[in-house]
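Visitor: Protein chains in written order, with my numbering: chain A, 40 to 162; chain B, 732 to 1411.
Every residue gets a Cβ at the ideal spot worked out from N, C-alpha and C, and that includes glycine.
Predicted model, so just to flag it, every value in this text is computed and none were measured.
Quick one: this structure, given as structure tokens, is what I'll be asking you about.
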Amino acid sequence: MHLAYPVVLAALLFGVGVYGVLARRNAVLVLMSVELMLNAVNLDLVAFDTWLHDSLHAGQALTLFTITLAAAEIGLGLAIVLLLFRARGTADIDRATALGDPAEPLAEEAPAGAEALKGQAAA
Amino acid sequence: MNLALPVLVPVLPALGAAATLSVGRKAPGLARPLAIVPVAVSGVLALVVALQLGTGQSLDAATRLTPTGGPDIGLALHLDGYSSLISVLVGLVATCVQVYSTAYLKKDPRYPSYAALVSLFTAAMFLVVYSGDLIVLLVGWEVMGICSYFLIGHHWETEDARSASLKAFLVTKLGDVPFLFGIFLLGADAGSFRITDVLAAATDGRLGHPTLIALLLLAGVAGKSAQFPLHTWLPDAMAGPTPVSALIHAATMVAAGIYLVARLLPVFLLSGAALVVLAVMAAVTMIGSAVCALAQDDLKRVLAYSTVGQLGYMAGALASGDREAAVFHLVSHGAFKALLFLAAGVVIHAAHTNSISAMSRIPGLRKRVPDAYWTMGIGLVALVGLPPFSGFFSKEAVLTAAEHAADGEALTNGLGPSSAVPEAAGWIVLVSAALTALLTAAYAARLFLVAFHSPTGAAAKAPEVVPAPDAASVVADHEAGAPYSPELDEADPASPEPPAMRWPLWVLAVPTMGFGIAGVRSDWLPALLDGGSLRPSAVTAVIGTGLAVIGLLAAYGAWRSATSRQSTGRATVPGQAGAPVADVVVADPGRTLLGPLFGPARRGFGVDRLYHVLFVRPVTAAAGLVRFLDREVVETYVRGTGVGANLLGRAVRLAQTGNAQTYLSALLAGVVLLAVLVAV
């Protein structure tokens, strides 16, 4: 089988995953999109492993590794989403902006006192 | 000779200064002994050293202090007749001043620091006198400068004292910078900083730039010895306590410049131009200061201007190539000027004012301070130069030196050829010295008559109860517009001065009257110095004394006419109608004698104002510019960095929305961008 088929499939899967991560609002769907991206990479690894006739099958080994990693990641991710939902009553990712730094007007930091000090130093 | 004694002479007062400063605050009872004893002991030691050394001898000892790239700097000692004589003078005057100060500054809370500074100053002067190395001499020279600064500013509560101390410091430093370069050049040319080596090099003609060296050194001398054009600090320095004026600004520190030129005279003799410059400087100083002294209203300022003029005499003697005469006049002047200042201090305490016109209105002043009255009279006669007082002999020595120099046969006493002294220098000195003798007599007579003998004061008998005017009204009593250096004094004018203020006067009166005799025979004082003659010659003696008598008579006549005019109630000089009341009341012979010159002379011929325009204002403007550059330019940049960081921070905050997907989008965009960049 020509390499192009699995690679193009992987690229499509990855593209879908990126779109999902960047555009979906629901956190669970975002996690699923991450899985899609990981699996696109797995597909690439296996395809290239076969294509390159690697005697050690490093690609396959790495794929197993990635799968384990993805399992752990999704477990943690779902736990976080669950907690978020419990706390906020929603799993919308663009409403969880508590860590942001909303732009508020800067207070001019007490220029009068500073000027007075400068005046003393000059005198 | 045992080297420990001469070494102890400068060291003892320095240790005394340290001790006074460290224990003076905690144990006030110890401050006075610690101030007097070391100075007195080193004065005695100086006398012992002088006696052991004897006449015609010299002693040199040196140890290398530090190697330098060029000539080494050594801790060197050089003793000869000159250093012996001047160190004895310094010891005597410093001891008198320390004793006097214990009474004069009795109630002063800062007495310990004052006494410590006087001791330190004495140590520095001894160092200058004894040093055989120019760099070590410079150390003493500068220590004296800083002590003088602190002592003039002793009453730093007053604006006058503060500005006077700053002025003295800056003006003398202005002279010291060229002086430093002169020493470097001298050391580089001679290959050594040792004075003996320098003099040997000068005698052998190994100095490459004698004129330049001499002129650079002269700048320092002009600053230290208050010669024109750097004389302006000395009259203002009278804002310090009176004993300080006696010690520093009459007897010792200002003499250091003269002493230095005397030590290095062979170098100066190599350059006729430098001698002419010195002569012109001395002539301008002498005549100008004498005219100024005739117009001053402040007792201490009269004495200060007279100091400037007498230093001009010494500089004139040096310009005539005769250092014996210069040092002779230095010593006799040191004694009688210290006496005059100390007596003035007593008078000022009794009268509670510095102004002689205000003193003239105090009834019976001379009966209240008989010691000061008599000793001041003695000092003034010595200043005028009437025989047989010391001032006569020393002034005649100067005139004789100038006369010989004018004839082309200068009394260089083997330091160089007589032809080394230009005749022009001799003539300049001779003419100006004669004229100054006349003026000196006039202002001395005016001072004495106005302060002690005015009709209002003399007519009244010494009152039983002295009116104790409150200080404010007396201070305001001096003539309006006259430069005045008031001094804070807490003494009660009603109580007589303590013995500690009385007997130093008589101690100093002895050399004032008798020291001049030492110059008469060539195996007395001249044997100690260069072995020349200090005997007054007939022609100059007659001319000098005659001029002095004429000056006295002129001042007396002017005073009589002014007094009688005043008693008949007529207005004084025409054109003075608008003058303040005080001007009209006091019969001032100076006004009659000087005529239209009086106003300018009272203000020192506007030299201060000229310097203000030439130097002070540009410096102030430059300081304003620097302030502008600092506050408006440099600070703008500093403030700009803060504002810029703030704005940048605000921009960065805009990106931090809290939406993870936005971040990820930016991340992706970055990755794509990097990938494209790497690929392309």
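Which ranges does the alpha helix (DSSP H) cover as unbroken runs of at least 4 residues, wholly within the region 1089 to 1120 of chain B, from first to last along the chain?
Guide: 1096 to 1099 and 1101 to 1115, all fully within the region 1089 to 1120 of chain B.
Visitor: Between which residues of its own chain and Leu947(B) is the CB-CB distance below 7 Å, once the five residues before and five after are set aside?
Guide: Looking up residue 947(B) in the second sequence gives position 216. The residues are Pro909, Phe910, Phe912, Gly913 and Leu916.
Visitor: Say whether chain B places a C-beta atom closer than 8 Å to the C-beta of Ile119(A).
Guide: Along the first sequence, read from residue 1 onward, the residue named residue 119(A) stands at position 80. By this cut-off, Ile119(A) is not an interface position.
Visitor: Please report how far the alpha carbon of Tyr44(A) lies from the alpha carbon of Gly54(A), in whole angstroms.
Guide: The residue labelled residue 44(A) in the question sits at position 5 within the first sequence. The residue labelled residue 54(A) in the question sits at position 15 within the first sequence. Distance between the alpha carbons of Tyr44(A) and Gly54(A) is about 15 Å.
Visitor: When burial is assigned at 16 or more other CB atoms within 10 Å of the CB, is Ile1093(B) buried or exposed?
Guide: Taking the first residue of the second sequence as position 1, residue 1093(B) is located at position 362. Buried, by the Cβ-count rule.
Visitor: Would Asp133(A) pass as a contact of Asn1377(B) if the rule is Cβ separation under 8 Å?
Guide: Residue mapping note: residue 133(A) aligns to position 94 of the first sequence, counting from 1. Residue mapping note: residue 1377(B) aligns to position 646 of the second sequence, counting from 1. Not a contact, by the Cβ cut-off of 8 Å.
Visitor: Would you call the region 1271 to 1278 of chain B in contact with the region 1080 to 1099 of chain B, where contact means no fewer than 3 C-beta pairs closer than 8 Å?
Guide: no
Visitor: Assess contact between the region 1339 to 1348 of chain B and the region 1029 to 1040 of chain B, defined as three or more Cβ pairs (one per stretch) separated by less than 8 Å. Is contact present?
Guide: By the Cβ test, the region 1339 to 1348 of chain B is not in contact with the region 1029 to 1040 of chain B, since fewer than three Cβ pairs between them sit closer than 8 Å.
Visitor: For Gly805(B), does the three-state DSSP call read helix, strand or coil?
Guide: As a working mapping, residue 805(B) is identified with position 74 in the second sequence. It is a strand residue.
Visitor: For chain A, find out if any of its Cβ atoms is closer than 8 Å to the Cβ of Ser844(B); answer yes or no.
Guide: On the second sequence, position 113 is the one that residue 844(B) refers to. No - not a single Cβ of chain A is within 8 Å of the one on Ser844(B).
Visitor: Do the CB positions of Pro769(B) and Ser894(B) come within less than 8 Å of each other?
Guide: Here residue 769(B) is taken as the residue at index 38 of the second sequence, counted from 1. Here residue 894(B) is taken as the residue at index 163 of the second sequence, counted from 1. No, these two residues do not count as a Cβ contact at 8 Å.
Visitor: Can a CB atom of chain B be found closer than 8 Å to the CB of Thr136(A)?
Guide: If you number the first sequence from 1, residue 136(A) lands on position 97. It does: the Cβ of Thr136(A) has a partner Cβ on chain B nearer than 8 Å.
Visitor: The beta strand (DSSP E) spanning Arg795(B) covers which residue range?
Guide: Walking along the second sequence from the start, residue 795(B) turns up at place 64. That run of the beta strand (DSSP E) goes Leu790 to Thr797.
Visitor: Which chain B residues are close to Val60(A), counting only those with a beta carbon under 7 Å from its beta carbon?
Guide: Here residue 60(A) refers to the residue found at position 21 of the first sequence. By Cβ distance, chain B contributes Leu1395.
Visitor: Using a C-beta cutoff of 8 Å, does Asp83(A) count as contacting chain B?
Guide: Against the first sequence, residue 83(A) aligns to sequence position 44. No - not a single Cβ of chain B is within 8 Å of the one on Asp83(A).
Visitor: For my contact list, Gly822(B) and Pro974(B) are in at a C-beta cut-off of 8 Å; report their separation, rounded to the angstrom.
Guide: For the purposes of this step, residue 822(B) is taken as residue 91 along the second sequence, with counting starting at 1. For the purposes of this step, residue 974(B) is taken as residue 243 along the second sequence, with counting starting at 1. Not quite, the Cβ-Cβ distance comes to about 16 Å (not below 8 Å), so this is no contact.
Visitor: Among the candidates Ile926(B), Ala919(B), Arg1322(B) and Glu873(B), whose CA atom is the shortest distance from the CA of Asp907(B)?
Guide: For the purposes of this step, residue 907(B) is taken as the residue at position 176 of the second sequence. Of Ile926(B), Ala919(B), Arg1322(B) and Glu873(B), the residue nearest in Cα terms is Glu873(B).
Visitor: Let me know the secondary structure DSSP gives Asn65(A) once reduced to three states.
Guide: Residue 65(A) sits at position 26 when you count from the first residue of the first sequence. Strand.
Visitor: If you check the beta carbons only, do Leu1001(B) and Val1152(B) fall under 8 Å apart?
Guide: Locating residue 1001(B) in the second sequence gives position 270, where the first residue counts as 1. Locating residue 1152(B) in the second sequence gives position 421, where the first residue counts as 1. No. Outside cutoff.
Visitor: CA-CA distance, Leu115(A) and Val1409(B)?
Guide: Here residue 115(A) refers to the residue found at position 76 when the first sequence is read from its first residue. Here residue 1409(B) refers to the residue found at position 678 when the second sequence is read from its first residue. When rounded, the distance between both Cα atoms is 34 Å.
Visitor: Under 8 Å Cβ to Cβ from Val824(B), same chain only, skipping five residues before and after it: list those, please.
Guide: Here the question's residue 824(B) lines up with position 93 in the second sequence. Taken in chain order, the residues that qualify are Ala977, Leu978, Ala982, Thr983, Gly1065, Ala1066, Ala1069 and Leu1239.
Visitor: So is Lys1321(B) buried or exposed if we call it buried at 16+ other beta carbons inside 10 Å?
Guide: In the second sequence, residue 1321(B) corresponds to position 590, counting from 1. Note on residue identity: the sequence assigns Gly, not Lys, to residue 1321(B). Under this definition Gly1321(B) is a buried residue.
Visitor: In terms of residue numbering, what span does the alpha helix (DSSP H) encompassing Ser1037(B) cover?
Guide: Mapped onto the second sequence, residue 1037(B) falls at position 306. Residues Leu1030 to Ala1050.
Visitor: What is the DSSP secondary structure of Arg756(B), counted as helix, strand or coil?
Guide: Mapped onto the second sequence, residue 756(B) falls at position 25. In this structure, Arg756(B) counts as coil in the three-state DSSP scheme.
Visitor: With DSSP as the reference, label Ser94(A) as helix, strand or coil.
Guide: Within the first sequence, the letter at position 55 stands for residue 94(A). Three-state result, Ser94(A): coil.
Visitor: Does the beta-carbon of Trp1416(B) have 16 or more other beta-carbons within 10 angstroms, so that it is buried, or is it exposed?
Guide: Since the first and last residues shown for chain B are 732 and 1411, residue 1416(B) lies out of range.
Visitor: Say whether chain A places a C-beta atom closer than 8 Å to the C-beta of Leu1399(B).
Guide: Counted from its first residue, the second sequence places residue 1399(B) at position 668. Closer than 8 Å: yes.
Visitor: Who are the neighbours of Val57(A) on chain B, taking C-beta pairs under 8 Å?
Guide: Counted from its first residue, the first sequence places residue 57(A) at position 18. Those within 8 Å of Val57(A) in chain B are Leu1399.
Visitor: Could you name the residues of the region 101 to 126 of chain A whose beta carbon sits closer than 8 Å to any beta carbon of chain B, in the order they occur along the chain?
Guide: none
Visitor: Any idea if His41(A) is buried or exposed, counting beta-carbon neighbours within 10 angstroms, 16 or more meaning buried?
Guide: Numbered from its first residue, the first sequence carries residue 41(A) at position 2. Flag for His41(A) reads exposed.
Visitor: Mapping the DSSP letters down to three states, classify Ala1193(B) as helix, strand or coil.
Guide: Your numbering for residue 1193(B) matches position 462 in the second sequence. Model confidence at Ala1193(B) stands at a pLDDT of 43, short of 50, so the residue's coordinates are unreliable; what they give is reported in the following sentence. Ala1193(B): coil per DSSP, three-state reduction.
Visitor: Tell me, please, whether the CB atom of Ala919(B) is closer than 8 Å to any CB atom in chain A?
Guide: Counting from one through the second sequence, the residue named residue 919(B) turns up at place 188. So, not an interface residue.
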